[in-house]
Amino acid sequence: MGIRNDVIMGGRLDDSQAFDSDYQHFPSAPSEAYFRAATAILATRPSSFEAERSAELLKHHYGLTGSISTLSSEVERTEAIALSDGRRLILKTSTQPEAIDSFRFQSAAIAAVQGSSGFVTPQILRTSNEALLFQEEGVCGYLQNFVEGIPLHQASLTPDLLLRTGAALGRLNLALGVIDVPATHRPVLWHIGCWPRLLELEQYLPSGLVADNVRRAMSNYIEFIEPQLLNLAWQITHNDPSPFNTLVTENGLGFIDFGDGCWGPRIQDLAVAASHMVFDPMHALGGAEYLIAGYASVIPLSEQEARLLVGLMRARQSALILINYWRSHLFPDEAQYIKKNVARAERGLSILAPLAALEADAAVRRAAKLSSS
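Counting in our numbering, the sequence shown runs from 146 upward without gaps.
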């Protein structure tokens, strides 16, 4: 069954508070309206306008001028700014109404964790009016500094680096767990509650082992994992600490791009990060063991979190495969960028697929003890 036209084109709601009731009784299962709105956002191309317009916004709201270059981006328009004094900045803008809530969340979350120790995030530059973001004539956006560093996918993934990455992610979760920011419940297709409905996209998958692994992982998630989510600790999460959004910097591990951040199970951030580190079939968890150990050294895993982690990792890999094959179909000219993480997810899912529940649980528990061994 293909995804319906009303799911792709409909459901655009500007006020994220309209979805609050989805979370009052069963926070892991947003409504059909939430899913339609979230899907519509990712079915829309990023805003497009001339660099001169960005220069005007930069000057008007920040009193700054500099050279501007456009970067690849899936939803919002992202531009690199080079100032004459050598500073490098990132300007994020959009003409889409739903971007206002996304930017409210992103800028507030980044600002709220600034000053926390154990990890690096961008710094928000306030407007001339001391606001975190700006709005004018159908355009909204915010400005942050450019975080210097090597993306994790380009680094040598030694056990020590993975331990430090996991520990930094744990400290980020501790910081996010005590903040309160706006638009936490806005529509996000990557929200864990949308995963069961993503099987509507399976027609876009290549036939064979990939599709079979995705169906099995999602069926396992729906039957065994989802019913237990309410018993986990929920909080604001980054929701996409991928190797492209994790940087090795001079000051430690850094995390960028909070655009998919939302309210979810705390363990979700570990599941996302670990799902990208599954690449070696010689290890039960494919090489993600040391990242899990680093995280557990900061936030010890509960028995239930350890039991559910591999199922969450497989479901996240499947969600990534489903969403990005679908979006590549919508935007074939951007397929290479959209599918940048797909091969990693497909390989990781093939490595984790044979693990039985008891074997997975035992492997996670062993991994969590590595940092103390």
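Note that the Cβ used here is the ideal one computed from N, Cα and C, for glycine as well. Here the structure is a predicted model, which means the values were calculated and not measured.
Is residue i helix, strand or coil by DSSP?
i    : result
I401 : coil
G456 : helix
A227 : strand
R198 : helix
P410 : strand
Q462 : helix
R361 : helix
W335 : coil
I235 : strand
L354 : helix
I381 : strand
L344 : helix
In or out: residue i buried (at least 16 other Cβ within 10 Å) or exposed?
i    : result
P267 : buried
K514 : exposed
R232 : exposed
L216 : exposed
N384 : buried
P386 : buried
H330 : buried
E448 : exposed
K237 : buried
S301 : exposed
Using 8 Å as the threshold, is the C-beta distance between residue i and residue j below it?
i    : j    : result
I437 : V509 : yes
H474 : F389 : no
G406 : I496 : no
L465 : N486 : yes
L454 : L500 : no
G404 : S247 : yes
G397 : F180 : no
Beta carbon of residue i: closer than 7 Å to some heavy atom of the ligand MG?
i    : result
S217 : Among the ligands in the structure shown, none appear at all, so the ligand MG cannot be discussed.
Locate the beta strand (DSSP E) running through residue i, then write down its first and last residues.
i    : result
Q251 : Per DSSP, Q251 belongs to no beta strand (DSSP E); it is in the alpha helix (DSSP H), 244 to 258.
G211 : 211 to 216
I370 : I370 -> no beta strand (DSSP E), and no H or E assigned at all.
Which residue comes first and which comes last in the alpha helix (DSSP H) that contains residue i?
i    : result
R510 : 502 to 513
I496 : 487 to 497
T184 : 177 to 187
Q481 : 480 to 483
V443 : 434 to 443
- Query: Unbroken alpha helix (DSSP H) runs of length 4 or more, entirely within the region 264 to 330: which are they?
  - Reply: 304 to 321
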